[in-house]
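Each residue of the sequence shown is one higher than the one before, counting from 1389 in my numbering.
First comes the structure, then the notes that go with it.
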Amino acid sequence: TYGVPVEEIQKGIKSGVRKVNIDTDNRLAITAAVREALAKKPEEFDPRHFLKPSITYMQKVCAERYQQFGTAGNASKIKQISLEDFAAKYAKGELNVVTKAAAKV
């Protein structure tokens, strides 16, 4: 189960979309894991009982989406930026084309 159908997102990617959110997919995976765990052992109300499987479900969703969206195997290409560096770039207006253009005026 997912939010936006995978096929629609794949069409968007082919049309140039470069940012995709899969939060709804992950929330649905968590909900499914919690429901399944509570149905199996309703007497077990310790959150660790159902949160462990929910992490596994989310990992599966993410791995599937990376494959479906053609991004699997690209993690090494992502450059990490510290929060401090990101905040500095934001403060300078480097992250917003409109702000950057306005700063030159």
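All residues carry an ideal CB built from backbone N, CA and C; glycine is no exception.
Since I believe residue j is in contact with residue i (beta carbons under 8 Å), could you give me their beta-carbon distance rounded to a whole number of angstroms?
i, j, result
"residue 1413", "residue 1449", "5 Å"
So the candidates are the options; which of them puts its Cα closest to the Cα of residue i?
i, options, result
"residue 1445", "1429, 1421 and 1481", "1421"
For residue i, collect the residues of the same chain with a Cβ closer than 6 Å to its Cβ; drop the 5 residues on either side in sequence, then sort them by chain order.
i, result
"residue 1483", "1477"
"residue 1397", "1408"
Below 7 Å CB to CB, which residues in the same chain sit around residue i once its five sequence neighbours on both sides are set aside?
i, result
"residue 1488", "Bear in mind that a pLDDT of 49 at residue 1488, under 50, signals an unreliable position, so the number given afterwards is only what the model happens to contain. Excluding residues within five positions, the ones whose Cβ falls inside 7 Å are 1481 and 1482."
> Is the region 1451-1465 in contact with the region 1434-1442, if contact means three or more CB pairs nearer than 8 Å?
Replying inline: no
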